[in-house]
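*Asks:* Take a look at this one; I'll ask things after.
Protein chains: 2
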Amino acid sequence: MAKIPYRFYLSEEDLPKQWYNLRADMKEQPDPLINPGTMQPAVESDLYPVFCEKLAHQEMDGETRYFDIPEPVQEMYRIYRPSPLIRAYNLEKALDTPAKIYYKFEGNNTSGSHKLNSAIAQVYYAKEQGLTSLTTETGAGQWGTALSEASSYFDIPLTVYMVKVSYEQKPFRKAVMQVFDGKVMPSPSETTDIGRKILAENPGTTGSLGCAISEAVETAVKTEGCRYVLGSVLNQVLLHQSIIGLESKTAMEILGEYPDIVIGCAGGGSNLGGLIAPFMQDKLTGKADPRIIAVEPASCPSLTRGRYAYDFCDTGKITPMAKMYTLGSGFIPSANHAGGLRYHGMSPILSKLYHDGYMEATSVEQTRVFEAAVYFAKKETILPAPESAHAIRAAMDEALRCKETGEAKTILFGLTGTGYFDMTAYSAYLEGRMNDYIPSDEDLQKGFDSLPKIPGIEE
Amino acid sequence: MAKIPYRFYLSEEDLPKQWYNLRADMKEQPDPLINPGTMQPAVESDLYPVFCEKLAHQEMDGETRYFDIPEPVQEMYRIYRPSPLIRAYNLEKALDTPAKIYYKFEGNNTSGSHKLNSAIAQVYYAKEQGLTSLTTETGAGQWGTALSEASSYFDIPLTVYMVKVSYEQKPFRKAVMQVFDGKVMPSPSETTDIGRKILAENPGTTGSLGCAISEAVETAVKTEGCRYVLGSVLNQVLLHQSIIGLESKTAMEILGEYPDIVIGCAGGGSNLGGLIAPFMQDKLTGKADPRIIAVEPASCPSLTRGRYAYDFCDTGKITPMAKMYTLGSGFIPSANHAGGLRYHGMSPILSKLYHDGYMEATSVEQTRVFEAAVYFAKKETILPAPESAHAIRAAMDEALRCKETGEAKTILFGLTGTGYFDMTAYSAYLEGRMNDYIPSDEDLQKGFDSLPKIPGIEE
Numbered sequence: 022m023a024k025i026p027y028r029f030y031l032s033e034e035d036l037p038k039q040w041y042n043l044r045a046d047m048k049e050q051p052d053p054l055i056n057p058g059t060m061q062p063a064v065e066s067d068l069y070p071v072f073c074e075k076l077a078h079q080e081m082d083g084e085t086r087y088f089d090i091p092e093p094v095q096e097m098y099r100i101y102r103p104s105p106l107i108r109a110y111n112l113e114k115a116l117d118t119p120a121k122i123y124y125k126f127e128g129n130n131t132s133g134s135h136k137l138n139s140a141i142a143q144v145y146y147a148k149e150q151g152l153t154s155l156t157t158e159t160g161a162g163q164w165g166t167a168l169s170e171a172s173s174y175f176d177i178p179l180t181v182y183m184v185k186v187s188y189e190q191k192p193f194r195k196a197v198m199q200v201f202d203g204k205v206m207p208s209p210s211e212t213t214d215i216g217r218k219i220l221a222e223n224p225g226t227t228g229s230l231g232c233a234i235s236e237a238v239e240t241a242v243k244t245e246g247c248r249y250v251l252g253s254v255l256n257q258v259l260l261h262q263s264i265i266g267l268e269s270k271t272a273m274e275i276l277g278e279y280p281d282i283v284i285g286c287a288g289g290g291s292n293l294g295g296l297i298a299p300f301m302q303d304k305l306t307g308k309a310d311p312r313i314i315a316v317e318p319a320s321c322p323s324l325t326r327g328r329y330a331y332d333f334c335d336t337g338k339i340t341p342m343a344k345m346y347t348l349g350s351g352f353i354p355s356a357n358h359a360g361g362l363r364y365h366g367m368s369p370i371l372s373k374l375y376h377d378g379y380m381e382a383t384s385v386e387q388t389r390v391f392e393a394a395v396y397f398a399k400k401e402t403i404l405p406a407p408e409s410a411h412a413i414r415a416a417m418d419e420a421l422r423c424k425e426t427g428e429a430k431t432i433l434f435g436l437t438g439t440g441y442f443d444m445t446a447y448s449a450y451l452e453g454r455m456n457d458y459i460p461s462d463e464d465l466q467k468g469f470d471s472l473p474k475i476p477g478i479e480e
Numbered sequence: 022m023a024k025i026p027y028r029f030y031l032s033e034e035d036l037p038k039q040w041y042n043l044r045a046d047m048k049e050q051p052d053p054l055i056n057p058g059t060m061q062p063a064v065e066s067d068l069y070p071v072f073c074e075k076l077a078h079q080e081m082d083g084e085t086r087y088f089d090i091p092e093p094v095q096e097m098y099r100i101y102r103p104s105p106l107i108r109a110y111n112l113e114k115a116l117d118t119p120a121k122i123y124y125k126f127e128g129n130n131t132s133g134s135h136k137l138n139s140a141i142a143q144v145y146y147a148k149e150q151g152l153t154s155l156t157t158e159t160g161a162g163q164w165g166t167a168l169s170e171a172s173s174y175f176d177i178p179l180t181v182y183m184v185k186v187s188y189e190q191k192p193f194r195k196a197v198m199q200v201f202d203g204k205v206m207p208s209p210s211e212t213t214d215i216g217r218k219i220l221a222e223n224p225g226t227t228g229s230l231g232c233a234i235s236e237a238v239e240t241a242v243k244t245e246g247c248r249y250v251l252g253s254v255l256n257q258v259l260l261h262q263s264i265i266g267l268e269s270k271t272a273m274e275i276l277g278e279y280p281d282i283v284i285g286c287a288g289g290g291s292n293l294g295g296l297i298a299p300f301m302q303d304k305l306t307g308k309a310d311p312r313i314i315a316v317e318p319a320s321c322p323s324l325t326r327g328r329y330a331y332d333f334c335d336t337g338k339i340t341p342m343a344k345m346y347t348l349g350s351g352f353i354p355s356a357n358h359a360g361g362l363r364y365h366g367m368s369p370i371l372s373k374l375y376h377d378g379y380m381e382a383t384s385v386e387q388t389r390v391f392e393a394a395v396y397f398a399k400k401e402t403i404l405p406a407p408e409s410a411h412a413i414r415a416a417m418d419e420a421l422r423c424k425e426t427g428e429a430k431t432i433l434f435g436l437t438g439t440g441y442f443d444m445t446a447y448s449a450y451l452e453g454r455m456n457d458y459i460p461s462d463e464d465l466q467k468g469f470d471s472l473p474k475i476p477g478i479e480e
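Sequence lines, in order, name chains C and D. Numbering (the numbering used here) for the first sequence: 22 to 480. Numbering (the numbering used here) for the second sequence: 22 to 480.
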């Protein structure tokens, strides 16, 4: 074919019709969820009070390799997908690297990130089951926005518990959710037991993602016809997000390319798990052997400095416990951390793959992340989300390494979203007001002290 | 072909290689610019102190039908173009209309609007001429952002005079420009004669677009190697923006479609003039007869209630005078007007076409605009810029008319950009705090009183 274009879009016919379930090809499955009530491995029906049934099934099913994407979900995907696979010619030129750099850009939808891919699926299944309302939490606001869009589209009411500091600092994010009829509550709130408890103990708290999750789960469990939906960490979310990787792989095949290195930012793992899915499949089945790199913030280093242990997914300790790399649900990143990816744990699937040596991980300080973000914006004319810029940083570092060695490696990274709502952080960086924070071993120990003790299970 | 997809992208090979100059097919040319120094028709060299030479030539050339798009401009276009032509299946369904609705979406780039199309061209020609800096003004910030992107890409310093009220209310817009190295000054500023004069007369002023233009022009004229660039109104801008219409027309041809109605929002005319260009060509040359509709805000109604007269393009009255529909350079829209499109005049090309009966115009109140914006966002999952929502409103009204009459008309409208930086206005609308403002005849008369008197020329 002729010169590879800057932006490559699959045709509507080439869009994936099925999601890929990475667990089906894993040599060993992630350890099972533990029901905190019984301290026994959870079964599918244990999840029904929290998740709708089809999603509970997807959460537990480690065998089915492909799940059909329901037609109404495909229909909504087609409104904004395919996302472009972009060849970073200008970045390559600016870095003077022999490497070929590609990125899959998920920011071209109003939610501004890849989160919409799973939001649509989760809302659709809830609607199909006849549920009458949904709850969720949001930190930076991307997930809440995505879910508001999907809920509005499928016409089901949504309450979003938004971490209070974001609620107050990001009124525009809140307003976008309100355009899509999302009901936005600052968390902690007076509407839940856990919210009231936290407020009583610490009236001045600015909230945390773990606390917002607890409030959303409590409301879902106590409200008739209501369920909770979560934008990351879960197996079901990685399943839905596999669309990112499947599209990327098909597009690269058409272009005659295959990545030597696949790089994604890692918070709870939703983007990373989706992007790498079909490439990890090749690795697990021996078809190819790309390097796969998770990039996390140095201020919230669950893979690179966390423990591989059972932990709660929420601060309120009411969700099932998962075996994952975690800093402890009691770990709270420094308030000066602006770069997203603040979650204490990591997807159990990704944790297992990392533990078993299929994946690398690296951490970067936020000033280096923003340096990469600004550099990238100028060259590629896309203003990246700080989260995405973690992957940019690592991709640039790999490309510069290629410059040293003269290797023309093919690098693929995930550009998960845009940074329009992160300008406060950009301004802090540009004006020299941004600092790095790296937790001390003592800081981390405080988080580890919050890890649950599970009878009969040792690390 | 199979069912028309939601999003249709031209392949890179189908992208236009030339801009189309609408004037070449007009039966009568727009009246010439008047040099305010001599009160005589301006010649190309009169413009050299303000514009670089190639742009001055494009401004004055009414004969050349097609201009080659320089390769470096095409190269930067390819980073974010083609923009998608979207079939509004969900909007059609929600409105229950037999009409087919298409929109050309120009918001998928970091500047968030179509403005980038002309910014790239103008910066390229300035660089090519060896100029060493540029100035411009920005109101809502879209143009300033676009120009910052282009200036950063071609590595030429830029100063943006930003209307003070926007500078203060939209710190995030300012920050985006700073990411791209734009130097942003609140206008009026102390850096120019006109700025100091206005501040002395009215220290509390929040500025106006006309004043910011004056400051930018003054700085360009007084600074060695510096020129002024403008994002709308000018003939050269409409030429560059013809890429919108050319892509739209090619895409519709491939899909086997042709619009019965073409609708665009109208401020200075940059988007409208670009979108309609090839369809107006068909109309001027008798090949087809689509209805062409300009939509403007009821609070700044230059086409529907303005005068067709010679006027200055800026408040400072230092630019050449143009014959156009205008409310007078002294007209200032109500501060409660949130919907963009605040400019007092209208592109001379569009003014002439409207005057000669080739185009319709309508005006809409901003609450009806935001009603359409929110409705559209929910159905099409794109959060529109308020400016773009003027076109949405008119397109919805036409589609609803089709529902009444049963006609299956094909409607094309321009979705010029996204509304991420307009959430203050969205919140005002959602919370019922938005009012409409329609200027009284007395209000308009004050603006008309500012129109220049030109010896020997009567309307």
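Glycine is no exception: its CB is placed at the ideal position from the N, C-alpha and C atoms. Keep in mind it's a predicted model, so treat the numbers as computed, not measured.
Alpha carbon to alpha carbon, what distance is there between P280 of chain D and K121 of chain D?
*Replies:* Here residue 121 of chain D corresponds to residue number 100 of the second sequence, with the count starting at 1. Here residue 280 of chain D corresponds to residue number 259 of the second sequence, with the count starting at 1. Their Cα atoms are separated by approximately 9 Å.
*Asks:* So, for M417 of chain D: in the same chain, excluding its five sequence neighbours on each side, which residues have a beta-carbon less than 6 Å away from its beta-carbon?
*Replies:* Counting from 1 along the second sequence, the entry for residue 417 of chain D is found at position 396. Correct list, in chain order: A393.
*Asks:* For the segment 181-214 of chain C, which residues have a CB atom closer than 9 Å to at least one CB atom of chain D, in sequence order?
*Replies:* P192, F193, R194, K195, A196, V197, Q199, V200, F201, D202
*Asks:* Mind pulling the chain C residues with CB within less than 9 Å of Y17 of chain D?
*Replies:* Lying outside 22 to 480, the shown extent of chain D, residue 17 of chain D is not represented and no answer is given.
*Asks:* M22 of chain C: buried (16+ other C-beta within 10 angstroms of its C-beta) or exposed?
*Replies:* The residue you call residue 22 of chain C lines up with position 1 of the first sequence. For M22 of chain C, the predicted model reports a pLDDT of 49, less than 50, meaning its position is unreliable and no value from the coordinates is stated.
*Asks:* If you drop the 5 nearest sequence neighbours on each side, which residues of the same chain put their C-beta closer than 8 Å to that of T445 of chain D?
*Replies:* Indexing the second sequence from 1 puts residue 445 of chain D at position 424. Hits under 8 Å: Q190, A359.
*Asks:* Mind checking whether L152 of chain D and L179 of chain D have CB atoms under 8 Å apart?
*Replies:* Counting from 1 along the second sequence, the entry for residue 152 of chain D is found at position 131. Counting from 1 along the second sequence, the entry for residue 179 of chain D is found at position 158. For L152 of chain D and L179 of chain D, no; Cβs fall outside 8 Å.
*Asks:* 8 Å is my cut-off, CB to CB: does Y30 of chain C come that close to chain D?
*Replies:* In the first sequence, residue 30 of chain C corresponds to position 9, counting from 1. Interface residue, yes.
*Asks:* Are the CB atoms of V283 of chain C and I264 of chain C nearer to each other than 8 Å?
*Replies:* As a working mapping, residue 283 of chain C is identified with position 262 in the first sequence. As a working mapping, residue 264 of chain C is identified with position 243 in the first sequence. No, the Cβ-Cβ distance between V283 of chain C and I264 of chain C is not below 8 Å.
*Asks:* Check this for me: beta carbons of I432 of chain D and Y123 of chain D, under 8 Å apart or not?
*Replies:* The residue labelled residue 432 of chain D in the question sits at position 411 within the second sequence. The residue labelled residue 123 of chain D in the question sits at position 102 within the second sequence. Yes. Within cutoff.
*Asks:* With a CB to CB cut of under 7 Å and the five nearest residues on each side skipped, what residues in its chain are close to Q262 of chain C?
*Replies:* By 1-based counting over the first sequence, the position of residue 262 of chain C is 241. H135, N138, S139, S291, N292, G294, G295.
*Asks:* Considering only the beta carbon of each residue, do S229 of chain D and V258 of chain D sit closer than 8 Å?
*Replies:* Mapped onto the second sequence, residue 229 of chain D falls at position 208. Mapped onto the second sequence, residue 258 of chain D falls at position 237. Going by C-beta atoms, S229 of chain D is not nearer than 8 Å to V258 of chain D.
*Asks:* Starting from S172 of chain C, find everything on chain D with Cβ-Cβ shorter than 8 Å and list it in chain order.
*Replies:* Counting from one through the first sequence, the residue named residue 172 of chain C turns up at place 151. Neighbours of S172 of chain C on chain D: none; closest Cβ ~10 Å, over 8 Å.
*Asks:* Classify M22 of chain C as helix, strand or coil using the three-state DSSP reduction.
*Replies:* In the first sequence, counting from the first residue as 1, residue 22 of chain C sits at position 1. Bear in mind that the predicted position of M22 of chain C carries a pLDDT of just 49, short of 50, making it too unreliable to give a figure here.
*Asks:* Measuring CB atoms only, is the segment 367-377 of chain C touching the segment 396-404 of chain C, in the sense that at least three cross pairs come out at less than 8 Å?
*Replies:* no
*Asks:* For N111 of chain D, count neighbouring C-beta atoms within 10 Å of its own C-beta (all shown protein chains included) and say buried if the count is 16 or more, exposed if not.
*Replies:* The residue labelled residue 111 of chain D in the question sits at position 90 within the second sequence. Buried, since its Cβ has 16 or more Cβ neighbours within 10 Å.
*Asks:* For L76 of chain C, which residues in chain D fall below 7 Å Cβ to Cβ?
*Replies:* Here residue 76 of chain C corresponds to residue number 55 of the first sequence, with the count starting at 1. Correct list: empty, because the minimum Cβ distance to chain D is about 22 Å.
*Asks:* Run down chain D in chain order and give the residues with a C-beta less than 7 Å from the C-beta of E408 of chain C.
*Replies:* To locate residue 408 of chain C, count along the first sequence from 1; it is residue 387. By Cβ distance, chain D contributes nothing, its closest Cβ being about 16 Å from E408 of chain C, past 7 Å.
*Asks:* Grab me the residues of M455 of chain D's own chain with a C-beta within less than 6 Å of its C-beta, minus the 5 sequence neighbours each way, in chain order.
*Replies:* Here the question's residue 455 of chain D lines up with position 434 in the second sequence. Correct list, in chain order: T388, A449.
*Asks:* May I have the straight-line CA-CA distance separating G468 of chain D from S173 of chain D, to the nearest angstrom?
*Replies:* Taking the second sequence and counting its residues from 1, one reaches residue 468 of chain D at position 447. Taking the second sequence and counting its residues from 1, one reaches residue 173 of chain D at position 152. Here the alpha carbons of S173 of chain D and G468 of chain D stand approximately 38 Å from one another.
*Asks:* Output the boundary residues of the alpha helix (DSSP H) element that contains T153 of chain C.
*Replies:* In the first sequence, counting from the first residue as 1, residue 153 of chain C sits at position 132. Run containing T153 of chain C: none; DSSP gives neither H nor E here.
*Asks:* If contact is defined by three or more beta carbon pairs under 8 Å, each pair taking one atom from either stretch, is the segment 332-351 of chain C in contact with the segment 266-278 of chain C?
*Replies:* Three or more Cβ pairs closer than 8 Å define a contact, and the segment 266-278 of chain C falls short of that threshold against the segment 332-351 of chain C.
*Asks:* Using DSSP's beta-bridge definition, name the partner residues of C286 of chain C.
*Replies:* The sequence position of residue 286 of chain C within the first sequence is 265, counting from 1. Answer by DSSP bridge pairing, in chain order: C:V316.
*Asks:* Give the C-beta separation of E74 of chain C and Q150 of chain C to the nearest angstrom, bearing in mind that I take them to be a contact with Cβ-Cβ under 8 Å.
*Replies:* Residue 74 of chain C sits at position 53 when you count from the first residue of the first sequence. Residue 150 of chain C sits at position 129 when you count from the first residue of the first sequence. Confirmed, about 6 Å.
*Asks:* Let me know the secondary structure DSSP gives S291 of chain D once reduced to three states.
*Replies:* The residue you call residue 291 of chain D lines up with position 270 of the second sequence. Residue state, collapsed to three classes: helix.
*Asks:* Exposed or buried, G477 of chain D, counting other C-beta atoms within 10 Å across all chains shown (16 or more means buried)?
*Replies:* As a working note, residue 477 of chain D is residue 456 in the second sequence. Label assigned to G477 of chain D: exposed.
*Asks:* Excluding five sequence neighbours on each side, which residues of the same chain lie with their C-beta closer than 7 Å to the C-beta of P103 of chain D?
*Replies:* Walking along the second sequence from the start, residue 103 of chain D turns up at place 82. Here the set comprises Y30, L31, L36, E268.
*Asks:* Between the C-alpha atoms of K125 of chain C and D303 of chain C, what's the straight-line distance to the nearest angstrom?
*Replies:* The residue given as residue 125 of chain C occupies position 104 in the first sequence. The residue given as residue 303 of chain C occupies position 282 in the first sequence. Straight-line Cα distance between these residues: approximately 19 Å.
*Asks:* Might you give, ordered along the chain, the residues of its own chain that have their beta carbon closer than 7 Å to the beta carbon of T213 of chain D, omitting 5 neighbours on each side?
*Replies:* Along the second sequence, one-based indexing puts residue 213 of chain D at 192. Only E236, E239, T240 meet the Cβ criterion.
*Asks:* Does any CB atom of chain D fall closer than 8 Å to the CB of P26 of chain C?
*Replies:* Position 5 of the first sequence, counting from 1, holds the residue named residue 26 of chain C. True, the Cβ-Cβ gap to chain D drops below 8 Å.
*Asks:* Compute the Euclidean distance between the alpha carbons of F175 of chain D and K148 of chain D, then round it to the nearest angstrom.
*Replies:* In the second sequence, the residue the question calls residue 175 of chain D occupies position 154. In the second sequence, the residue the question calls residue 148 of chain D occupies position 127. Straight-line Cα distance between these residues: approximately 7 Å.
*Asks:* Using a Cβ cut-off of 7 Å, pull out every chain D residue sitting near T388 of chain C, in sequence order please.
*Replies:* On the first sequence, residue 388 of chain C is found 367 positions in, with the first residue counted as 1. Those do not exist, as T388 of chain C stays about 15 Å from chain D at its closest Cβ, beyond 7 Å.
*Asks:* Kindly indicate if chain D contains any beta-carbon less than 8 Å away from that of L451 of chain C.
*Replies:* Translated into positions along the first sequence, residue 451 of chain C becomes position 430. So yes, L451 of chain C belongs to the interface.
*Asks:* Relative to the alpha-carbon of L472 of chain D, which residue among D:G440, D:M380, D:H365 has its alpha-carbon at the smallest distance?
*Replies:* As a first step, residue 472 of chain D must be located in the second sequence, where it is residue number 451. Residue D:H365 is the option with its Cα nearest to L472 of chain D.
*Asks:* What is the DSSP secondary structure of A330 of chain D, reduced to helix, strand or coil?
*Replies:* Position 309 of the second sequence, counting from 1, holds the residue named residue 330 of chain D. Here A330 of chain D sits in strand by DSSP.
*Asks:* Going by C-alpha distance, which of C:D464, C:A309, C:V250 is nearest A77 of chain C?
*Replies:* Position 56 of the first sequence, counted from the first residue, corresponds to residue 77 of chain C. That would be C:V250, whose Cα lies nearest to the Cα of A77 of chain C.
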